[in-house]
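Be aware that the sequence shown starts at 1, since it is given in my numbering, and climbs by one per residue. First comes the structure, then the notes that go with it.
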Amino acid sequence: SQKRIQKSQMIRQDFIIKQINQLGQVLARLLSDLQGLKNSGQINEGLEITNQTLKKELEFDVQELLDIPTDKFIETLRTHKNVTIDSLEKLAEILLLIADNKHEDSKIIYQKCVMIYEYLEKAEDSYTLHRQWILQRIKTEL
């Protein structure tokens with residue numbers, strides 16, 4: 001019946017919203033852990049955990065994220081796993097921490113960060129000083 005279909009759709013939507021929220025929480029926790037490791041000079045130890053967490057939650061580790069073609073990068077992230085604006089921002093911060101640690105692919109990582117931050121500026125239709133400062137800093141690294 002129609003009521004059963006509507007109830008099924010609502011349950012499915014609730015499940016999707018729960019998954020999206022979980023991804024944001026996982027990325028926030030990962031970012032916090034990485035920042036702590038960076039502050040104690042042990043960020044390299046966190047890279048393996050970062051890769052495992054990203055692989056589990058996004059189905060992409062850092063290298064696979066870097067391998068996504070530039071012209072499909074944002075679209076892939078937005079459509080795959082329903083990555084939200086908030087989660088994209090956390091992902092950019094995670095990638096930025098990795099690039100700042102002189103990762104062998106820092107240049108490519110910085111480029112992906114620029115793409116995310118520029119997308120966020122357009123998607124949110126807002127200008128933030130923090131993002132502009134980060135973009136300026138990244139562009140000096142490039």
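We treat Cβ as the ideally placed atom computed from N, Cα and C, and that holds for glycine. As the structure is a computational prediction, the values presented were derived from the model and not from experiment.
Can you give me the Cβ contacts of residue i inside the same chain, cut-off strictly under 8 Å, excluding the 5 residues immediately before and after it?
| i | result |
| --- | --- |
| E45 | L37 |
| Y127 | E121 |
| L66 | D105, I108, I109, K112 |
Looking at the structure shown, is residue i part of a helix, part of a strand, or coil, going by DSSP?
| i | result |
| --- | --- |
| H80 | helix |
| F60 | coil |
| T128 | coil |
| K102 | coil |
| S1 | coil |
| I68 | coil |
| G41 | coil |
| L120 | helix |
| L142 | coil |
Just confirm the distance between the C-beta atoms of residue i and residue j, as a whole number of angstroms; I'd bet it's less than 8 Å.
| i | j | result |
| --- | --- | --- |
| A92 | I116 | 4 Å |
| V26 | E57 | 5 Å |
Are residue i and residue j closer than 8 Å when you measure CB to CB?
| i | j | result |
| --- | --- | --- |
| N101 | I49 | no |
| K112 | F73 | yes |
| L34 | I94 | yes |
| L23 | V62 | no |
| L96 | L88 | no |
| I85 | E118 | no |
| T53 | L31 | no |
| V114 | L135 | yes |
Could you name the residues of the same chain whose beta carbon sits closer than 7 Å to that of residue i, not counting the 5 residues immediately before and after it, in chain order?
| i | result |
| --- | --- |
| H103 | I109 |
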